Amino acid sequence: MKETLAAHRYAKALFLAARDRRGVSLDAVKKKMGGLCRALAADHAVREAAGSPLIPFEKKCSALCGVLGDRTDPASELLGRFVRLLLSKKRASLLPLIAARFESVVEESRQALKAVVGSAAPLTEGDLRSLEAGLSRLTGKKVSAEVSVRPELIGGLVVRAGDLVIDNTLKSRLKDMKTLLGS
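Mapping to this note's numbering: the sequence shown position 28 is 34, numbers consecutive.
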């Protein structure tokens, strides 16, 4: 809980810094932050450098900031400073959570919402547009859906969009029926 709150605060601070900094694109910061998180996930040496108390601060900074690439790029420069701050506060382990929160804050600022949809069967383009339109009416924001096919749902959809969760799957209904009949 404390880590989630801290990650949200850091993400909000990064958003405000990126928004107010001339020449920095929110999309560029989001992309570079995603690349940094992928590097942390994929490269054991970078991940170890970030978390090890035995590695000097400057080596940690150069390992993580090296992933960002061109330091003359405004987004890289901003993220480099942000990474140094996280390392100095011993919060580098929060980077993946901060990246996810940062993306949410950016989408929220654009009155947009990303929905993660699980479907038992592939959706047609028309079904997807209809679903996005319905979710947009429901939330009052522009919704873009990311669909994954999950056969274990048996039938129907499960939608996660921000705090909203809609579970209209056959698997869920069968589970509810089993509970109802069992009691």
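Note that beta-carbon positions come from the ideal geometry of N, C-alpha and C, so glycine has one too. Predicted model, so just to flag it, every value in this text is computed and none were measured.
Between L42 and D49, the alpha-carbon positions lie close to 10 angstroms from each other. Residues of the same chain with a CB within less than 7 angstroms of the CB of V149, apart from the 5 flanking positions on each side, are L119, A121, E138, L141, S142, A167 in chain order.
Scanning K181, L170, K147, G146 for the CA closest to the CA of I160 turns up K181. Here the alpha carbon of S154 sits roughly 19 angstroms from the alpha carbon of A106. Here E152 is bridged, per DSSP, to V122.
In the structure shown, the three-state DSSP call for V30 is coil. In this structure, the beta-carbon distance from L60 to R53 does not fall below 7 angstroms. In this structure, the straight-line span from the alpha carbon of A17 to that of L103 is close to 9 angstroms. In the structure shown, T185 adopts helical secondary structure according to DSSP, grouped into three states. Per DSSP, the unbroken alpha helix (DSSP H) holding D133 starts and ends at 131-145.
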